[in-house]
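For the sequence shown, position 51 (counting from the first letter as 1) is numbered 303 according to the numbering used here, and the numbering increases by one without interruption.
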Amino acid sequence: MNQKTLHLLSYGLYVVTSTNGEAINGLIVNTVMQVASKPPMVAVAINKKNLTCEYIRKSRVFAASVLGTDAPMEIIGRFGFRSGRDIDKFESIRYQTGTTGAPVVLDYAIAYIEVEVAQEVDAGTHVLFIGEVVDADILREGEPMTYAYYHQVKGGKTPDKATVYIEGED
Numbered sequence: 253m254n255q256k257t258l259h260l261l262s263y264g265l266y267v268v269t270s271t272n273g274e275a276i277n278g279l280i281v282n283t284v285m286q287v288a289s290k291p292p293m294v295a296v297a298i299n300k301k302n303l304t305c306e307y308i309r310k311s312r313v314f315a316a317s318v319l320g321t322d323a324p325m326e327i328i329g330r331f332g333f334r335s336g337r338d339i340d341k342f343e344s345i346r347y348q349t350g351t352t353g354a355p356v357v358l359d360y361a362i363a364y365i366e367v368e369v370a371q372e373v374d375a376g377t378h379v380l381f382i383g384e385v386v387d388a389d390i391l392r393e394g395e396p397m398t399y400a401y402y403h404q405v406k407g408g409k410t411p412d413k414a415t416v417y418i419e420g421e422d
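Okay, here's the thing in structure tokens:
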């Protein structure tokens, strides 16, 4: 099987965040998708080892901020290649507390979606959280960053906890 075929699926780049009481955390994901229209529902895949996965499981909420193509590698690196167990990912990052209590990243985001989790599905290395959209808005004009743009234009790498990671590729 040629796993690189899966890289031809279309993905975006998002900062998915959640809360655990006073604590907040977030990470970069490429797997956020709308799965129903009435009520509007979305799903996100989060690696089980990530701190944000723990926060979503406890709080039952998450926010997904849609990154624009102008997002620098620094913000992608901060949320995608560093652990919230080691650093405060929100230091020097503009955000607002959303309707759900999850932080909504404002820096380089063009829109956001807030979700209350209705169910979770075990997906091997990841958990698929499915929930109802409770708030969403467009923050500014701009092009959403695709995963292809991240790789081809920005020269981005795939972290080992990503849904599309292929061992030995990056």
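Each residue gets a CB set at the ideal place from its N, CA and C atoms; glycine is no exception.
Item	Value
I298 - containing beta strand (DSSP E), residue span	P292 to N299
Sufficient close CB pairs (3 or more, under 8 Å) joining the segment 255-273 to the segment 307-317	yes
Which residues DSSP lists as bridging I382, in chain order	A295 and Q371
Outcome for N254 when other beta-carbon atoms lying within 10 angstroms are tallied against a minimum of 16	exposed
Among K256, T257 and Y263, nearest to A400 - alpha-carbon criterion	Y263
Residue span of the beta strand (DSSP E) that contains F333, given as start and end	Counting along the chain, F333 falls outside any beta strand (DSSP E), and DSSP gives it neither H nor E.
For M285, the three-state DSSP class (helix, strand or coil)	strand
Three-pair Cβ contact test at 8 Å for the segment 325-335 versus the segment 287-299	no
Beta-carbon separation (whole angstroms), I365 vs V385, contact threshold 8 Å	6 Å
Beta-carbon proximity check, I362 vs V318, cutoff 9 Å	yes
For Y266, three-class secondary structure by DSSP	strand
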